[in-house]
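Protein chains in written order, with numbering that gives the first Met the number 0: chain H, 0 to 615; chain Z, 0 to 230.
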Amino acid sequence: MPKLKTLKDLTKFRESLAAQKEDVDCMVTISGGTCGNASGSLKVVEAMQSELASNGFAGRVHVRVTGCQGFCEQEPIVTIDPANIFYCRVSPDDVPEIVSETIRKNQVIERLLYTDPATGEKITKETDIPFYRAQDRVLLGLNRKIDPCNIEDYIAVGGYSALAKVLSGVTAEQVIQEIKSSGLRGRGGGGYPTGQKWQQCREAAGDEKYVICNADEGDPGAYMDRSVLEGNPHAILEGMLIGSYAVGANKGYIYVRNEYPLAVSNARKAIEQAKLFGFLGDDILGRHFFDIEIMRGAGAFVCGESTALMASLEGKVGEPRPKDVHTVQEGLWNKPTCLNNVETWANVPLIINKGAAWFASKGTKGSKGTKIFALTGRVKNTGLVEVAMGTSLRTIIHSIGGGPNDGVAIKAVQTGGPSGGCLPAEKFDLPVDFETLAEAGSMVGSGGMVVMDERTCMVDVAKYFIAFLQDESCGKCVPCRLGLGRMLEILTDITEGRGKPEQLDLLEDLGETMTHTCLCALGKTAANPVLSTLRYFRQEYESHIQDKYCSAGVCRELIQYSIDPNNCTGCGACLKACPNKAITGESEKPHRINQDLCSRCGICKDVCKFEAISIC
Amino acid sequence: MQEYVNITIDGAKISAIRGTSVLDTAMEYGICIPHLCHYPGLSDIGACRLCIVEHIVNGKAKVTASCTLNVAEGMVIRTDTDRIKRLRRNIAELLVAQAPNSRAIQDVAVRCGVKQVRYPFHNDNCVLCGRCVRVCAEMWQAKALGFVGRGKDRHVDFPFGRKPDFCKSCNTCIDICPMTITPCPGPMKTGEEYLCLACEGQLIMADSLPGACVWCDLGKGFQCARQVQAG
């Protein structure tokens with residue numbers, strides 16, 4: 000492939016791709032992101048390709064392997080266009096039937112269709128699925144149309160046209176102005192206005208500047224950056240190219256965690272292809288030169304913090320430094336550096352192409368555009384959800400997520416990962432935007448949303464996140480290192496029945512101290528899980544302390560398993576399953592649990608078929 | 000040529016040398032800001048967070064460490080607001096609860112107004128102020144000591160846990176360590192730690208401490224930058 004040297008070359012090439020597309024009768028899309036791979040989609044792809052070839056469809060039916068499309072729990076997903084038929088949880092054994100029935104005869108296979116858990120109805124078309132219908136999939140929607148290993152797919156959907164537009168006579172100041180008026184704010188958690196950051200970086204003194212894409216996503220339960228980098232790497236390259244032109248940088252880095260091997264390899268392929276096509280390198284459409292390198296993180300959560308990330312990039316220990324001088328002035332190797340999150344970069348080409356007004360038309364007054372959330376936990380539909388900013392939590396959890404699983408009432412949602420907080424169900428009418436969530440004691444953060452129901456103990460949740468943060472803190476500053484240790488000590492006391500009422504005030508005092516005095520954003524937000532649960536679920540803490548009672552039945556030291564003799568048939572299932580030999584009883588007579596031996600693992604309750612075992 | 004900038008610390012108008020930190024400037028002018036990891040002549044890392052001050056930006060008070068904050072024209076700093084005193088006391092409480100067996104830490108606790116410790120005592124022998132690591136690297140260019148591990152496992156050690164031959168055995172790391180001198184009544188056994196408070200007599204006014212440095216004896220305990228610089 001010769002390099003595309005001018006805007007004309009690019010347009011011509013895109014037209015030729017469109018002509019090729021018309022030759023294909025049918026398009027089979029199979030998602031092969033990390034979630035798809037894990038559910039065996041690669042085997043489905045293999046089976047599909049060999050089945051199509053042996054049936055003489057080669058050339059007429061095209062198979063496209065895409066990144067994650069968002070509905071991860073239904074993987075492997077196979078979509079057949081132009082009929083827009085959506086099959087989920089497909090196994091390789093289903094493939095011959097799909098080819099002979101759907102592709103050859105255009106017949107729908109009922110059993111592979113998606114069943115709406117709310118109504119029990121079978122849904123044929125992808126666009127009719129409620130999970131997708133309520134979303135505004137500006138960014139994620141592209142994943143379905145693109146094979147991440149094939150730059151032609153990206154160009155066919157209008158890829159690199161934003162770059163071409165920028166390089167054909169738009170000044171850097173105009174680009175920054177466009178980003179500013181779009182109202183785009185950092186998607187990594189801080190929500191800093193992107194245009195402003197770019198301008199500061201452009202105005203910073205120095206000839207050598209850098210742009211960085213932060214793909215070191217580590218929040219438990221959040222994986223939207225992975226899906227975007229895996230499924231649409233060229234959008235990030237294009238965003239970074241535009242950013243580098245705007246701030247005046249010629250070198251960029253993608254810092255991606257090593258635990259995302261597919262994202263690393265797809266991004267590498269994308270960089271190679273972009274170089275072949277002339278979008279990276281010395282002569283980019285005759286106007287710009289820029290190069291991107293991939294750096295892999297070595298597993299530290301704190302390296303997602305900008306200054307720690309830069310230290311790690313420089314080859315030093317990944318520890319944050321004080322941010323009294325901002326990274327846009329002195330960042331990587333003390334040069335002005337513009338660091339943005341994966342999702343932020345991916346939004347840039349869309350804004351340039353469709354205009355700032357289009358982007359600003361979505362969202363609320365202070366938070367514009369759409370945001371991807373990773374919806375997990377106790378809801379019917381889990382996966383990636385892209386909605387306009389300002390959509391209410393209720394819409395996300397009940398309309399898109401399908402509401403509570405197993406009929407147990409939803410109690411809270413944890414937003415923003417370990418730095419965020421838990422919001423109770425009464426607050427579900429709040430619009431999701433940067434300011435509102437911060438006021439409510441949580442944050443948008445990188446976009447994780449973990450839904451919890453009555454079976455979740457909020458003290459235990461706080462303890463989990465504090466333990467996570469204590470493991471992941473760099474340990475440099477006192478309030479974070481010692482403060483988290485003390486918090487964990489107190490929470491452990493409370494969950495094990497040794498809590499004292501005055502410890503709640505101490506938690507709040509300590510939390511406030513950490514919020515104000517810690518060195519970096521990890522420490523400053525580390526107390527949020529405790530502070531937000533104390534704010535909304537104080538009665539749970541109090542019942543742990545005063546009544547030694549855990550209403551969710553989670554805290555082992557505070558619960559007892561007991562067997563109801565009326566329901567117990569003496570089948571012996573629990574007796575065999577108990578790892579501690581704590582259950583005794585004769586066959587066909589009610590069994591008993593010896594509380595001294597019981598470790599409260601709950602296996603007996605899981606194996607009992609007669610609901611005879613309860614927690615009290 | 001030294002350039003000067005005008006800043007305000009606790010209402011006092013000060014002409015500060017450009018490029019110096021707020022902590023250095025305040026100490027130079029006799030305004031007392033407690034500190035621990037700061038040591039004159041070494042780089043500042045902002046680890047202990049005792050030297051926090053309020054930096055007023057656009058009418059909003061931002062809490063930040065003064066050792067890593069450089070002076071700038073028109074800067075307004077408050078070092079002794081009620082909030083700062085309370086936050087500082089809480090940090091000193093965390094420190095003394097972790098390492099009560101050090102005169103320096105006990106002195107810091109008194110200086111910051113800690114009256115009671117609300118956590119169970121641990122008896123650690125290092126608070127990771129990093130003075131030893133920095134003095135070894137910056138003053139002696141030896142780099143025989145470094146931080147190892149992350150988070151709660153972080154500790155100071157030789158490379159690979161063995162004393163290297165490039166250690167000059169100069170003992171500066173020991174001289175500069177705030178943990179080497181035990182509290183005046185003697186070493187505390189594990190399980191018998193207490194908040195010393197014996198030095199309170201020197202600073203009866205720990206709560207209403209003057210903003211000005213009184214060359215208190217507590218400063219000797221934690222090698223206060225002012226005492227060190229005065230020789």
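For glycine and all other residues, C-beta sits at the position ideal for the given N, C-alpha and C.
Short check: CB of H/V246 to CB of H/A171, under 9 Å?
As a position in the first sequence, residue 246 of chain H is number 247, starting the count at 1. As a position in the first sequence, residue 171 of chain H is number 172, starting the count at 1. The answer is yes: Cβ separation under 9 Å.
Could you tell me how far apart the beta carbons of H/T101 and H/V107 are, in whole angstroms, since I believe they sit closer than 8 Å?
On the first sequence, position 102 is the one that residue 101 of chain H refers to. On the first sequence, position 108 is the one that residue 107 of chain H refers to. Contact holds; Cβ gap of about 7 Å.
Under 7 Å between beta-carbons, which chain Z residues line up against H/E471? List them in chain order, please.
Counting from 1 along the first sequence, the entry for residue 471 of chain H is found at position 472. Within 7 Å Cβ-Cβ: G150.
Using the C-alpha atoms, what's the distance from H/N527 back to H/A611?
Position 612 of the first sequence, counted from the start, is the residue given in the question as residue 611 of chain H. Position 528 of the first sequence, counted from the start, is the residue given in the question as residue 527 of chain H. Each residue's alpha carbon lies about 39 Å from the other.
Using a Cβ-Cβ cut-off of 8 Å (strictly less than) and excluding sequence neighbours within five positions of Z/V75, which residues of its own chain qualify?
Reading the second sequence from its first residue, position 76 is the one you call residue 75 of chain Z. I6, T7, H54, I55.
Are H/A117 and H/G402 close, meaning C-beta to C-beta below 9 Å?
For this step, residue 117 of chain H is matched to residue 118 along the first sequence. For this step, residue 402 of chain H is matched to residue 403 along the first sequence. In contact: H/A117 and H/G402 (Cβ atoms closer than 9 Å).
Scan the stretch 518-552 of chain H and note each continuous beta strand (DSSP E) run of 3 residues or more that stays entirely inside, going in chain order.
none
Find the residues of chain H that neighbour Z/Y38, judging by a C-beta separation of less than 7 Å, and give them in chain order.
In the second sequence, the residue the question calls residue 38 of chain Z occupies position 39. By Cβ distance, chain H contributes nothing, its closest Cβ being about 16 Å from Z/Y38, past 7 Å.
Using three-state DSSP, classify H/Y153 as helix, strand or coil.
The residue given as residue 153 of chain H occupies position 154 in the first sequence. It is helical.
How is the alpha helix (DSSP H) around H/S30 delimited, first residue to last?
Stepping through the first sequence from its first residue, residue 30 of chain H is reached at position 31. In this chain, H/S30 is not harboured by any alpha helix (DSSP H); it is covered by the beta strand (DSSP E) spanning 25-30.
Could you run through the stretch 96-108 of chain Z and flag, in chain order, every residue whose CB is less than 8 Å away from some CB of chain H?
A96, Q97
Could you name the residues of the same chain whose beta carbon sits closer than 6 Å to that of Z/H121, not counting the 5 residues immediately before and after it, in chain order?
As a first step, residue 121 of chain Z must be located in the second sequence, where it is residue number 122. Excluding residues within five positions, the ones whose Cβ falls inside 6 Å are Q97.
Is there a C-beta anywhere in chain Z that falls below 9 Å from the one on H/C554?
For the purposes of this step, residue 554 of chain H is taken as the residue at position 555 of the first sequence. No - not a single Cβ of chain Z is within 9 Å of the one on H/C554.
Whose C-beta lies closer than 6 Å to the C-beta of H/R13 among residues of the same chain, with five residues either side of it excluded?
Stepping through the first sequence from its first residue, residue 13 of chain H is reached at position 14. Cβ within range, chain order: I154.
Once DSSP output is grouped into helix, strand and coil, what is the label at H/L616?
Since the first and last residues shown for chain H are 0 and 615, residue 616 of chain H lies out of range.
Residues of chain Z with CB under 7 Å from H/T627, in chain order?
It is not possible to answer for residue 627 of chain H, since the shown part of chain H is limited to 0 through 615.
So H/I351 is in the alpha helix (DSSP H); what residue range does that whole segment cover?
Here residue 351 of chain H is taken as the residue at index 352 of the first sequence, counted from 1. H/I351 -> alpha helix (DSSP H) spans 341-353.
Alpha carbon to alpha carbon, how far is H/R267 from H/N249?
The count along the first sequence starts at 1 and reaches residue 267 of chain H at position 268. The count along the first sequence starts at 1 and reaches residue 249 of chain H at position 250. One C-alpha to the other measures close to 18 Å.
According to DSSP, H/I283 sits in a beta bridge with which residue or residues?
If you number the first sequence from 1, residue 283 of chain H lands on position 284. According to DSSP, H/I283 bridges with H/H287.
Report yes if the C-beta of H/L509 is less than 8 Å from at least one heavy atom of the ligand MN; otherwise report no.
Absence of the ligand MN is noted for the structure shown, with no ligands found whatsoever.
Give the secondary structure of Z/E2 by DSSP, where H, G and I count as helix, E and B as strand, and everything else as coil.
Stepping through the second sequence from its first residue, residue 2 of chain Z is reached at position 3. Residue state, collapsed to three classes: coil.
Can you tell which of H/G157, H/I122, H/C71 has the C-alpha that lies nearest to the C-alpha of H/L16?
For the purposes of this step, residue 16 of chain H is taken as residue 17 along the first sequence, with counting starting at 1. If we check each option's Cα against that of H/L16, H/G157 comes out closest.
Which residue's Cα is closest to the Cα of Z/K151: H/V227, H/G474, H/L138?
Along the second sequence, read from residue 1 onward, the residue named residue 151 of chain Z stands at position 152. Among H/V227, H/G474, H/L138, the Cα nearest to that of Z/K151 belongs to H/G474.
At 7 Å on the CB atoms, spell out the chain H contacts of Z/T171, in chain order.
For the purposes of this step, residue 171 of chain Z is taken as residue 172 along the second sequence, with counting starting at 1. By Cβ distance, chain H contributes nothing, its closest Cβ being about 22 Å from Z/T171, past 7 Å.
In the DSSP assignment, what residue or residues form a beta bridge with Z/N69?
As a working mapping, residue 69 of chain Z is identified with position 70 in the second sequence. Partner(s): Z/S20.
Just to confirm the assignment, what range does the beta strand (DSSP E) spanning H/E216 have?
Sequence index remark: in the first sequence, residue 216 of chain H carries index 217 (1-based). No beta strand (DSSP E) contains H/E216, which DSSP labels as neither H nor E.
Quick one: using the 10 Å Cβ neighbour count with 16 as the cut-off for buried, is H/N380 buried or exposed?
Against the first sequence, residue 380 of chain H aligns to sequence position 381. Looking at its Cβ environment, which holds 16 or more other Cβ atoms inside 10 Å, H/N380 is buried.
Taking a cut of 8 Å between CB atoms, which residues from the stretch 62-76 of chain Z lie near chain H?
V62, T63, A64, T67, L68, N69
Assign H/P129 to one of two classes, buried (16 or more other C-beta atoms within 10 Å of its C-beta) or exposed (fewer than that).
Numbered from 1 along the first sequence, position 130 holds the residue referred to as residue 129 of chain H. With 16 or more other Cβ atoms within 10 Å, it is buried.
Keeping to the same chain, check which residues put their C-beta closer than 7 Å to that of H/C607; ignore five residues upstream and five downstream.
If you number the first sequence from 1, residue 607 of chain H lands on position 608. Only A572, C573 meet the Cβ criterion.
Is there a Cβ of chain Z sitting closer than 9 Å to that of H/L481, yes or no?
Along the first sequence, read from residue 1 onward, the residue named residue 481 of chain H stands at position 482. Yes - at least one Cβ of chain Z is within 9 Å of the one on H/L481.
List the residues of chain Z that H/A299 touches, going by C-beta distances under 8 Å, in chain order.
Within the first sequence, numbered from 1, the residue matching residue 299 of chain H stands at position 300. Chain Z residues near H/A299: R149.
May I ask which residues mark the beginning and end of the alpha helix (DSSP H) holding H/F464?
Taking the first residue of the first sequence as 1, we reach residue 464 of chain H at position 465. It spans 457-471 - the alpha helix (DSSP H) in which H/F464 sits, taken as one unbroken run.
Anything in chain Z within Cβ reach of H/P321, meaning under 7 Å, just list it in chain order.
As a first step, residue 321 of chain H is located in the first sequence; it is residue number 322 there, counting from the start. Result: G45, A64, T67.
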